[in-house]
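Q: Residue numbers (the working numbering), protein chains in the order written: chain R, 1 to 328; chain Z, 329 to 656. I am attaching a structure below and will ask some questions about it afterwards.
There are 2 protein chains.
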Amino acid sequence: MQGMTANPGLIDVARRAGVSTATASRVLSGRGPSSPASRDAVRRAAAELGYVPHPVARRLAHRSGTRIVFAVRDERPDILRDPFVTRAAAAMAATTEAEGLGTALLRLPLHAAAELDRLAADRSVAALVLAGHDRALIDRLPAALRSRTATIGAGGSDVDSAAGIGALLHHLHRTGRRQIALIAGPRWLAASRAPLAAYANLVRETGSPTRIVHGDFTIARGRAAAREILRRWPGTDAIATVSDATAVGVLQALSAAGIRVPDDVAVTGFDDSPLAEAVHPGLSTATHPVELIAVSAVRAALGEPSAGRLFPSHPVFRGSCGGPAAAA
Amino acid sequence: MQGMTANPGLIDVARRAGVSTATASRVLSGRGPSSPASRDAVRRAAAELGYVPHPVARRLAHRSGTRIVFAVRDERPDILRDPFVTRAAAAMAATTEAEGLGTALLRLPLHAAAELDRLAADRSVAALVLAGHDRALIDRLPAALRSRTATIGAGGSDVDSAAGIGALLHHLHRTGRRQIALIAGPRWLAASRAPLAAYANLVRETGSPTRIVHGDFTIARGRAAAREILRRWPGTDAIATVSDATAVGVLQALSAAGIRVPDDVAVTGFDDSPLAEAVHPGLSTATHPVELIAVSAVRAALGEPSAGRLFPSHPVFRGSCGGPAAAA
DNA sequence: CGTTGCGGTGGAAGCGGTTCCACGAAATAG
DNA sequence: CTATTTCGTGGAACCGCTTCCACCGCAACG
């Protein structure tokens, strides 16, 4: 009757299992030696007591950092309100919370080596998650920091955008589009590569012409890019993009030019954001499991081996790439 | 030369100031008595050493909770991906991180008294931030929990939606709209009251007819609500809403019905979300400083007295409520 | 002049884990 | 059958801060 503390601690588990807290700690953390007998006793005791390790105490004893920093490379100061960033940050906070780690949000301008040095020197940083950075910069990180850094994109955790966008591209081709243009991501962004590869693949397989313009992830740039495409390649019958926001800009430009979607030109996005459902016609797009990616990146940064890498993206079809182009 | 530890601790400060850690702690936390002399010495030493308190150690010693829980009342399981929720959660995580507090995200179904009891019993919960709950439920909280609870809406930190929506409503009236309908929030939601008050105000001041329909914050419900308004009050020349998503649904319904915006019917939203810029015509709306509100709520829940309450909302004008209705 | 009261103080005991280290028993080697 | 590892173990220090409590000197009190 004496084991029913409000919330049992390691010492309660140890007492009940008839071992020391040292042994109990070793068993439960899996580090260090332990005999099958005590292993069993400790585990049973922990289960019976409903033991939950105290994350803060654990952090303190670990002497490791206390926060994970999520650094997004972007020039726009309001990037921290971006849906991608907030979704990722919320997911990170929710998972690291259980381990007593805080999540800090940070924007890094393009060339912020000094800021990175400061992070490397800051002992309170348990792990660093970078988004929007390229390998070159990451390789240049101080070794001490790099070992506890993971990335979103740039070879780290990422969405399989090649598959998602590839599926959309092939759908376009299958439904009769033959002059498919792509508005890719910014040139400096490593994440831009996969969609380009998917597009190159389509070109190679089908012999379609290559029509690429670079954008960012804003509606305004989408509008401009669409106008550029219409000017350079008047016969274009489909515009694929790498973000819903860009695609929305495309829809606006096409509408302004009196071009019908999908009858004259089909459009596809990427992200499956609320935007895709909001516009008319509804945007065909592909899913982007931001939360899963964010959590996986945090795990990787904390040195967890199991952290997966590439997450699937599934196409979602709405009105913007409906039937074939044979409307004439 | 011996004070230059990597990161100085309280003990270093105390040593340098020639006092005990107890005194140093008292001085720096402002709790408990201290003489002007030691106060001065400690503060100077802390400044010279660049002392930064260790948040995790502080949490541990405080014996108080280690996490703040952000509980959103909603039926939809995917509410935790909602932009409002993720923006708020990211902001909370970023601010509480510095104090060694984690941020947990939780969805509460409408009638989840049991879940609240569990939270009340959970010693690890330092503070609770509720969103979407009404006063009745909050008053019914166990006293121990209520004392460390703050709300978003329901009398807690909130956006001054009455002002934001009031400004939009008056703009509509000033530009000649005389049959203004409102799609309000859900009846059960406390936050729905302020916009209704603003609308009632308009009705009283201008003698316009009262036309209210209740929606939620989804595009689909916005469509349905718009259809209902068109059916019940055919003369309606403006539809105000309390969320951009709802307004987008309205735009879709109007477009489907062949009604021109803003020529025949003006539309306004609320939130100034990316949606507002994405649709055609652009949505006139009002800003919603979610981050400020979230941070203020956390502060309030942690017992900080300075936590502000009502944050301003500013109208943002785009095409959806352009010129007067005199298009005929 | 001997209480009492009180502001200020430092020692020390936590908070709840992790980990170093010394130590005894069992297993292997010589 | 000793000498040497090896393995598992518990005691105790420690992470960095807060706070209880005993204690001291000093002013005001009777």
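Heads up, the beta-carbon is just placed ideally off N, CA and C, and yes, glycines get one too. Nothing here was measured: the structure is a model prediction, and the numbers come from that model.
1) Restricting to Cα atoms, I'd like to know which of R:Val52, R:Val316, R:Ser25, R:Ala276 is closest to Arg451 (chain Z).
2) Using 8 Å as the cut-off, can you tell me whether the stretch 262-274 of chain R makes contact with the stretch 234-246 of chain R, which would need three or more C-beta pairs spanning the two stretches below that distance?
3) Classify Ile229 (chain R) as buried or exposed, calling it buried when 16 or more other Cβ atoms lie within 10 Å of its own Cβ.
4) Could you tell me whether the Cβ of His280 (chain R) comes closer than 8 Å to any Cβ of chain Z?
5) With contact counted as at least three CB pairs below 8 Å, one residue from each stretch, are the stretch 145-160 of chain R and the stretch 297-304 of chain R in contact?
6) Looking at Ile165 (chain R): is its Cβ nearer than 8 Å to the Cβ of Asp158 (chain R)?
7) Which chain R residues are close to Leu433 (chain Z), counting only those with a beta carbon under 8 Å from its beta carbon?
8) Anything in chain Z within Cβ reach of Ala245 (chain R), meaning under 8 Å, just list it in chain order.
9) Could you spell out where the alpha helix (DSSP H) holding Gly164 (chain R) opens and where it closes?
10) Taking buried to mean at least 16 other C-beta atoms within 10 Å of its own C-beta, is Thr210 (chain R) buried or exposed?
11) How many Å lie between Gln330 (chain Z) and His62 (chain R) at the Cα?
12) Quick check: the Cα distance between Arg67 (chain R) and Thr218 (chain R), rounded to an integer number of angstroms?
13) Would you kindly work out how many angstroms separate the C-alpha atoms of Arg39 (chain R) and Leu10 (chain R), rounded to a whole number?
14) Specify whether the stretch 286-294 of chain R and the stretch 178-188 of chain R touch according to this definition: at least 3 beta carbon pairs, one from each stretch, less than 8 Å apart.
15) What's the C-alpha gap between Leu169 (chain R) and Leu638 (chain Z)?
16) Determine whether the Cβ of Thr5 (chain R) lies closer than 8 Å to any Cβ atom of chain Z.
17) Tell me the DSSP bridge mates of Ile239 (chain R)?
18) Within the 8 Å Cβ cut-off, does Thr86 (chain R) reach chain Z?
19) His608 (chain Z) to Ala253 (chain R), Cα distance in whole Å?
20) On the DSSP bridge list, what partners appear for His542 (chain Z)?
21) Quick check on the DSSP output: the alpha helix (DSSP H) that includes Phe412 (chain Z) runs from which residue to which?
22) Give the residues of chain Z in contact with Ile219 (chain R), contact being defined as C-beta atoms less than 8 Å apart.
23) Fully enclosed by the stretch 380-404 of chain Z, which alpha helix (DSSP H) runs are 4 residues long or longer?
24) So what's Ser353 (chain Z) in DSSP terms, helix, strand or just coil?
25) At what residues does the alpha helix (DSSP H) containing Ala131 (chain R) begin and finish?
26) Which residues in chain R sit within 8 Å of Ala385 (chain Z), going by Cβ to Cβ distance?
27) Starting from Ala432 (chain Z), trace the beta strand (DSSP E) in both directions and tell me its first and last residue.
28) Could you pull the start and end residues of the alpha helix (DSSP H) that Thr479 (chain Z) belongs to?
29) Along the alpha helix (DSSP H) that carries Ile557 (chain Z), what are the first and last residues, could you check?
30) Please confirm whether Ala131 (chain R) and Arg204 (chain R) have their CB atoms less than 8 Å apart.
31) Could you give the DSSP three-state label for Asp158 (chain R): helix, strand or coil?
32) I need the straight-line Cα distance from Ala548 (chain Z) to Gly504 (chain Z), nearest angstrom please.
33) Can you tell me the Cα-Cα spacing of Ile79 (chain R) and Glu605 (chain Z), whole angstroms?
34) Can you look up Ala257 (chain R) in the DSSP assignment and give me helix, strand or coil?
35) Please state the DSSP three-state secondary structure of Ser536 (chain Z).
36) Are the C-beta atoms of Gln252 (chain R) and some chain Z residue less than 8 Å apart?
A: Let's see:
1) Here residue 451 (chain Z) refers to the residue found at position 123 when the second sequence is read from its first residue. Ranked by how close their Cα comes to the Cα of Arg451 (chain Z), the residues R:Val52, R:Val316, R:Ser25, R:Ala276 have R:Val52 in first place.
2) By the criterion of at least three beta-carbon pairs nearer than 8 Å, the stretch 262-274 of chain R is in contact with the stretch 234-246 of chain R.
3) Taking the first sequence and counting its residues from 1, the one referred to as residue 229 (chain R) is at position 229. Buried is the label assigned to Ile229 (chain R), since at least 16 other Cβ atoms lie within 10 Å of its Cβ.
4) Translated into positions along the first sequence, residue 280 (chain R) becomes position 280. Yes - at least one Cβ of chain Z is within 8 Å of the one on His280 (chain R).
5) As far as the Cβ criterion goes, the stretch 145-160 of chain R touches the stretch 297-304 of chain R, which means the pair count is three or higher.
6) For this step, residue 165 (chain R) is matched to residue 165 along the first sequence. For this step, residue 158 (chain R) is matched to residue 158 along the first sequence. No, Cβ-Cβ distance for Ile165 (chain R) and Asp158 (chain R) is not below 8 Å.
7) Here residue 433 (chain Z) refers to the residue found at position 105 of the second sequence. What Leu433 (chain Z) touches in chain R: Ala90, Ala93, Ala94.
8) What you label residue 245 (chain R) is simply residue 245 of the first sequence in a count that begins at 1. Pro602, Ala606, listed in chain order.
9) The sequence position of residue 164 (chain R) within the first sequence is 164, counting from 1. Annotation: the continuous alpha helix (DSSP H) that includes Gly164 (chain R) extends over 161-174.
10) Counting from one through the first sequence, the residue named residue 210 (chain R) turns up at place 210. By the beta-carbon neighbour count (other beta carbons within 10 angstroms, threshold 16), Thr210 (chain R) is exposed.
11) Within the second sequence, residue 330 (chain Z) is the residue found at index 2, counting from 1. Within the first sequence, residue 62 (chain R) is the residue found at index 62, counting from 1. Note on Gln330 (chain Z): pLDDT 39, under 50, position unreliable in the model; the coordinate value appears next. A direct Cα-Cα distance of roughly 25 Å separates Gln330 (chain Z) from His62 (chain R).
12) Locating residue 67 (chain R) in the first sequence gives position 67, where the first residue counts as 1. Locating residue 218 (chain R) in the first sequence gives position 218, where the first residue counts as 1. Arg67 (chain R) and Thr218 (chain R): Cα-Cα distance of roughly 31 Å.
13) Residue numbering aside, residue 39 (chain R) sits at position 39 when the first sequence is read from its first letter. Residue numbering aside, residue 10 (chain R) sits at position 10 when the first sequence is read from its first letter. So the alpha carbons of these two residues sit roughly 14 Å apart.
14) Fewer than three beta-carbon pairs drawn from the stretch 286-294 of chain R and the stretch 178-188 of chain R are found closer than 8 Å, and the two stretches are therefore not classed as touching.
15) The sequence position of residue 169 (chain R) within the first sequence is 169, counting from 1. The sequence position of residue 638 (chain Z) within the second sequence is 310, counting from 1. Cα to Cα, Leu169 (chain R) sits roughly 48 Å from Leu638 (chain Z).
16) The residue you call residue 5 (chain R) lines up with position 5 of the first sequence. Residue confidence for Thr5 (chain R) is low, a pLDDT of 45 falling below 50, so the modelled location carries little weight; the figure read from the coordinates is stated next. Under the 8 Å criterion on CB atoms, Thr5 (chain R) is classed as non-interfacial with respect to chain Z.
17) Working through the first sequence from its first residue, we reach residue 239 (chain R) at position 239. Answer by DSSP bridge pairing, in chain order: R:Ala181, R:Val267.
18) Taking the first sequence and counting its residues from 1, the one referred to as residue 86 (chain R) is at position 86. For Thr86 (chain R), the closest Cβ of chain Z is nearer than 8 Å.
19) As a working note, residue 608 (chain Z) is residue 280 in the second sequence. As a working note, residue 253 (chain R) is residue 253 in the first sequence. Cα to Cα, the separation comes out at about 11 Å.
20) Against the second sequence, residue 542 (chain Z) aligns to sequence position 214. Checking the DSSP bridge columns, you'll see His542 (chain Z) partnered with Z:Ala512.
21) On the second sequence, position 84 is the one that residue 412 (chain Z) refers to. Taken as a continuous stretch (DSSP letters only), the alpha helix (DSSP H) holding Phe412 (chain Z) covers 411-424.
22) One-based indexing of the first sequence puts residue 219 (chain R) at position 219. Near Ile219 (chain R) (Cβ distances below 8 Å), the residues of chain Z are Pro602, Glu605, Ala606.
23) Fully enclosed alpha helix (DSSP H) runs of 4 or longer: 383-390.
24) Stepping through the second sequence from its first residue, residue 353 (chain Z) is reached at position 25. Note: Ser353 (chain Z) maps to helix in three-state DSSP.
25) Numbered from 1 along the first sequence, position 131 holds the residue referred to as residue 131 (chain R). Segment 125-131 is the beta strand (DSSP E) holding Ala131 (chain R); no alpha helix (DSSP H) there.
26) For this step, residue 385 (chain Z) is matched to residue 57 along the second sequence. The answer, in chain order, is Leu60.
27) The sequence position of residue 432 (chain Z) within the second sequence is 104, counting from 1. Looking at the DSSP string, the run of the beta strand (DSSP E) that includes Ala432 (chain Z) is 430-436.
28) Residue mapping note: residue 479 (chain Z) aligns to position 151 of the second sequence, counting from 1. Not the alpha helix (DSSP H): Thr479 (chain Z) falls in the beta strand (DSSP E), residues 477-480.
29) Working through the second sequence from its first residue, we reach residue 557 (chain Z) at position 229. Unbroken alpha helix (DSSP H) run through Ile557 (chain Z): 547-560.
30) Within the first sequence, the letter at position 131 stands for residue 131 (chain R). Within the first sequence, the letter at position 204 stands for residue 204 (chain R). With contacts defined by Cβ atoms closer than 8 Å, Ala131 (chain R) and Arg204 (chain R) do not form a contacting pair.
31) Along the first sequence, read from residue 1 onward, the residue named residue 158 (chain R) stands at position 158. Correct three-state label for Asp158 (chain R): strand.
32) Here residue 548 (chain Z) refers to the residue found at position 220 of the second sequence. Here residue 504 (chain Z) refers to the residue found at position 176 of the second sequence. If I take the Cα positions, the gap works out to 29 Å.
33) Taking the first sequence and counting its residues from 1, the one referred to as residue 79 (chain R) is at position 79. Taking the second sequence and counting its residues from 1, the one referred to as residue 605 (chain Z) is at position 277. Approximately 16 Å between the Cα atoms of the pair.
34) Translated into positions along the first sequence, residue 257 (chain R) becomes position 257. Coil.
35) On the second sequence, position 208 is the one that residue 536 (chain Z) refers to. Here DSSP, grouped into helix, strand and coil, assigns Ser536 (chain Z) to coil.
36) Counting from 1 along the first sequence, the entry for residue 252 (chain R) is found at position 252. Look at Gln252 (chain R): its C-beta is under 8 Å from a C-beta on chain Z.
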